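Residue numbers (this note's numbering), protein chains in the order written: chain A, 47 to 383; chain B, 468 to 574. Glycine included, every Cβ here is placed at the ideal spot set by N, Cα and C. Predicted model only: the values in this text are computed from it and were never measured.
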Amino acid sequence: MSAPDKIYSAPLLVNWSLNYSCNFSCEHCYSRFEKAEELPADQVLEAGRRLARAGVLFANFGGGEPLLRRDLLPVSRELSAQGLSLSMNSNGWLLDEAAAAGLRDAGFVSVGLSLDSHRPEVHDRFRNRPGSFDRVVAAAGHLVRAGVKLTISTVVCRINHQELTPLLELAKRLGAAQVYLHNFKCSGKGMEHRFELDLEPLEWRDFYREALAFAANPSYPEISFDDPILASLGARDAEHGIPGSTCGKLSLHLRPNGDITPCGFIPLVLGNILRDDLPTLWRESPVLEQMRHKTAKGKCTACGHYAACLGGCTARAFAVSGDLNAPDPHCWENPCG
Amino acid sequence: MEMSERYRRRPGLPWREEPEAARDALAALEEGRDAGGDGTLLVVERGRITELNILGGEIWKLCDGTRDVGAIVEELLPRFEVGREELESDVGEFLADLVARGWVVPA
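Structure follows, in structure tokens:
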């Protein structure tokens, strides 16, 4: 058995899918097949109060496309006033000059824009929306001019894994402070297109070696990964110092109806933010307990990196095997070979 | 560090107390036991979590801009088994570190 160094009294971050509705239909989308009723504004605010009371510091809106919620700005203003530090992810289509100013005034500390390739035709095809590259580039400009910290979010997969340099160059030109390289998740449409889009383990290793070299280069925007399998390259996510997946240790996920899951990619409902006491769930959930005390299985049992990576991404392991303790399918280590 | 200087926490810098850890540490202090170095308050900047121990956490909470360094020392003196000189030195060093990090600003 292995245990994280420490579990705090409450999550620090909640990834909050305010809505699953979206104006895009991307090839890798984890939530395209998800259905959940959206909470009305007053209940979103009550959920926010409960999060803040429990000690949650950060809420990151995703979905779905958060800007499709007409009440996003007034609700966000109140959530900011409750003490939550807000960020969000958007495809950028609806993010014009007025929206950028509105997000700034509502208290958003940063906004992440999805950008999957420096080549417009590749991005547009992946996002199934002609013109989406131009719109997201324009959105980046609106955010930077409004003074909102810009993050570029890229899902690393077969369409872009060998084109990191031009992607980072573009992010730099757009004024991004940070590039978030999301590892590909086998959820929703991502599972459906897994064999076309996901990389082989050795390709992941090579990609991460290259990306880590960029991460050490201060002339590029800050690069974030949050992928526990980096531990086997000696590059643990040092910012938080928590081994393995951070889901259920530092963060949780809220569905649009208030249901709580460990992360957006693990469809196990722990409770509901409006019905249940969050600190109690955080302390006592059997699912979280399992995620915090994983047991090495399969090739992990003989691997010297296990203490640092704890089997890699729990969501990915669960998606392909149904077992939270299974080895991460992206892992390139072969301790028995 | 001058005892007359005043500081306040940088607005917008996320932080929170860890209630159980703080309770345990305060109880230990009251019973004359070692409060330990465990984090009782978390400050999060750019994804990095910094844990402050009980003395650091109490100083942090008092940095609201309403009291000077001397007043912070006065408030803490009866609560920690330490001499004035040592406490002044600890508080001064800690605040200098917070200033260097940009986590507190002159009030």
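Sub-8 angstroms separation of residue i and residue j beta-carbons
i, j, result
"residue 161 of chain A", "residue 211 of chain A", "no"
"residue 225 of chain A", "residue 198 of chain A", "yes"
"residue 525 of chain B", "residue 543 of chain B", "yes"
"residue 370 of chain A", "residue 340 of chain A", "yes"
"residue 135 of chain A", "residue 70 of chain A", "no"
"residue 376 of chain A", "residue 362 of chain A", "yes"
"residue 55 of chain A", "residue 325 of chain A", "yes"
"residue 381 of chain A", "residue 342 of chain A", "no"
"residue 61 of chain A", "residue 106 of chain A", "yes"
"residue 155 of chain A", "residue 189 of chain A", "no"
"residue 510 of chain B", "residue 58 of chain A", "no"
Residue i (DSSP reduced to helix, strand or coil)
i, result
"residue 315 of chain A", "coil"
"residue 293 of chain A", "strand"
"residue 298 of chain A", "strand"
"residue 482 of chain B", "strand"
"residue 559 of chain B", "helix"
"residue 179 of chain A", "helix"
"residue 564 of chain B", "helix"
"residue 188 of chain A", "helix"
"residue 344 of chain A", "helix"
"residue 493 of chain B", "helix"
"residue 89 of chain A", "helix"
"residue 105 of chain A", "strand"
"residue 547 of chain B", "coil"
"residue 254 of chain A", "helix"
"residue 260 of chain A", "helix"
Close-in-space but distant-in-sequence residues of the same chain around residue i (CB under 7 angstroms, 5 per side omitted)
i, result
"residue 148 of chain A", "119"
Neighbour flag for residue i against chain B, beta carbons, 8 angstroms
i, result
"residue 104 of chain A", "yes"
"residue 62 of chain A", "no"
"residue 131 of chain A", "yes"
Within chain B, partners of residue i - CB distance below 7 angstroms
i, result
"residue 101 of chain A", "483"
"residue 55 of chain A", "485, 486, 487"
Neighbourhood of residue i by C-beta distance below 8 angstroms, restricted to the same chain and skipping five residues each side
i, result
"residue 530 of chain B", "474, 475, 476, 539, 562, 565, 571"
"residue 508 of chain B", "482, 483, 484, 485, 489, 518, 519, 523, 524, 527, 528"
"residue 169 of chain A", "161, 162, 163, 178, 179, 182"
Own chain partners of residue i with C-beta closer than 6 angstroms, once the 5 adjacent residues on each side are dropped
i, result
"residue 327 of chain A", "316, 317"
"residue 503 of chain B", "none"
"residue 366 of chain A", "232, 375"
"residue 85 of chain A", "304"
7 angstroms Cβ cut-off: residues of chain A touching residue i
i, result
"residue 493 of chain B", "Per Cβ cutoff of 7 angstroms: no residues; residue 493 of chain B is ~15 angstroms from chain A at best."
Proximity test, Cβ basis, 8 angstroms: residue i and chain A
i, result
"residue 511 of chain B", "yes"
Interface residues of chain B facing residue i [CB-CB closer than 9 angstroms]
i, result
"residue 58 of chain A", "481, 483, 509, 511, 516"
Short CB-CB distance (under 8 angstroms) between residue i and chain E
i, result
"residue 369 of chain A", "Note that chain E does not occur in the displayed structure, where the protein chains are A and B."
Contact test: residue i Cβ vs the ligand GTP heavy atom, cutoff 7 angstroms
i, result
"residue 76 of chain A", "Absence of the ligand GTP is noted for the structure shown, with no ligands found whatsoever."
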